[in-house]
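By my numbering, the letter at position 132 of the sequence shown is numbered 666, and the numbering carries on one by one without gaps.
Right, one structure below, let's go through it.
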Amino acid sequence: MKKYLFLTGAGISAESGIRTFRDSGGLWEDHKVEDVASPLGFRKDPQKVWKFYKERYHQSLSVEPNPAHYALKKLEDHIGDRFHLITQNVDGLHIRAGSNRVLEMHGSLNRCFCSNCKARYQMQEIDLQADIPICNKCGSQLRPDIVWFGEIPYFLYEIEEHLKKCDVFVVIGTSGTVYPAAGFVMTAKLFGAHTIAINLDRPDNFSFIDEFHQGKSGELIPVYIERIMESG
Ligand code: OAD
Ligand code: ZN
535 MKKYLFLTGA GISAESGIRT FRDSGGLWED HKVEDVASPL GFRKDPQKVW
585 KFYKERYHQS LSVEPNPAHY ALKKLEDHIG DRFHLITQNV DGLHIRAGSN
635 RVLEMHGSLN RCFCSNCKAR YQMQEIDLQA DIPICNKCGS QLRPDIVWFG
685 EIPYFLYEIE EHLKKCDVFV VIGTSGTVYP AAGFVMTAKL FGAHTIAINL
735 DRPDNFSFID EFHQGKSGEL IPVYIERIME SG
């Protein structure tokens with residue numbers, strides 16, 4: 535019985551109406567990445583960074599998961615522990631689609647934490663009217679729970695274990711440019727997995743891909759998942 539590991543990127547949420555990084559021309563919703571996605575950017579202008587993530591958070595709540603997110607949830611229901619999902623996305627759409635075995639390696643728009651005492655909060659729990667939300671335990675500034683450039687992604691140990699154990703590694707909607715995630719396909723392949731990419735364009739790490747399916751994930755993933763469920 536095969537073990538499946540999936541890695542998703544911004545492309546899987548494109549059909550839900552969230553712009554990918556690539557098609558924003560290197561900007562993130564018209565902002566320079568270093569201004570809104572780095573610890574230095576936050577230190578310089580926390581108010582601007584918070585305004586940006588509040589907008590992203592509200593945008594993520596205003597869109598819906600698409601057929602690709604739901605197909606992955608369906609596969610998980612079908613094969614249980616033989617399914618694991620790593621996502622680089624912070625929009626929470628996999629969880630809203632019902633997926634349980636999800637590792638949000640770049641954090642989540644739905645959470646924040648205290649920059650001093652590290653207390654963690656859900657966005658619903660805090661005062662989003664405040665320019666810079668404050669920790670109610672120690673009074674310091676809260677920050678979005680997003681892994682910014684220069685920070686270490688979450689779950690790297692668990693991810694490595696999954697990469698070593700999986701039989702099939704499927705990469706969906708990611709350009710293969712941002713490390714360490716872009717290197718996962720190489721690790722999986724070195725440990726013997728069959729590697730598949732489902733993407734609109736050729737990803738940059740194409741040389742480590744055994745099988746490439748070009749197209750939109752909302753159309754291709756449901757078909758691919760049906761095939762897996764039929765074959766076991
Ligand atoms: P990118 O924007 O770099 O790449 C999105 C990929 O999805 C591209 O290769 C597109 O061709 C493809 N794509 C677009 N629409 C698609 C669709 N409907 N179906 C299938 N594929 C489609 O996004 P990521 O690779 O996710 O990091 O970016 C990786 C990381 O860079 C992000 O997690 C973020 C960013 O800086 C952090 O926030 C830390
Ligand atoms: Zn605190």
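Yeah, the Cβ is synthetic: ideal placement off N, Cα and C, and Gly gets one too.
The model shown is predicted, which means the values in this text are computed figures rather than measured ones.
Candidates the options: closest to residue i by CA position
| i | options | result |
| --- | --- | --- |
| residue 666 | 567, 565, 551, 586 | 586 |
| residue 746 | 734, 637, 691 | 734 |
| residue 631 | 605, 583, 553 | 605 |
| residue 684 | 553, 576, 562 | 576 |
| residue 634 | 649, 622, 610 | 610 |
| residue 613 | 748, 536, 704, 737 | 536 |
| residue 762 | 691, 578, 608 | 608 |
| residue 686 | 572, 582, 660, 727 | 572 |
Distance between residue j and residue i (C-alpha atoms, nearest Å)
| i | j | result |
| --- | --- | --- |
| residue 549 | residue 598 | 9 Å |
| residue 768 | residue 712 | For the chain, the structure presents residues 535 to 766; residue 768 sits outside this window and is missing. |
| residue 682 | residue 671 | 24 Å |
| residue 551 | residue 700 | 31 Å |
| residue 764 | residue 757 | 11 Å |
| residue 564 | residue 554 | 12 Å |
| residue 591 | residue 644 | 7 Å |
| residue 558 | residue 580 | 23 Å |
| residue 601 | residue 750 | 11 Å |
| residue 721 | residue 697 | 7 Å |
| residue 647 | residue 669 | 8 Å |
| residue 736 | residue 545 | 12 Å |
Residue i Cβ short of 6 Å to the ligand ZN heavy atom set
| i | result |
| --- | --- |
| residue 715 | no |
| residue 646 | no |
| residue 653 | yes |
| residue 741 | no |
| residue 700 | no |
| residue 650 | yes |
Distance CB(residue i)-CB(residue j) smaller than 7 Å
| i | j | result |
| --- | --- | --- |
| residue 624 | residue 603 | no |
| residue 680 | residue 542 | no |
| residue 719 | residue 538 | no |
| residue 755 | residue 693 | no |
| residue 637 | residue 689 | yes |
| residue 742 | residue 729 | yes |
| residue 662 | residue 588 | yes |
Residue i CB to nearest heavy atom of the ligand OAD below 6 Å
| i | result |
| --- | --- |
| residue 684 | no |
| residue 543 | yes |
| residue 734 | yes |
| residue 729 | no |
| residue 605 | no |
| residue 751 | yes |
Residue i burial status per 10 Å Cβ neighbour count (16 or more: buried)
| i | result |
| --- | --- |
| residue 752 | buried |
| residue 731 | buried |
| residue 651 | exposed |
| residue 656 | exposed |
| residue 617 | buried |
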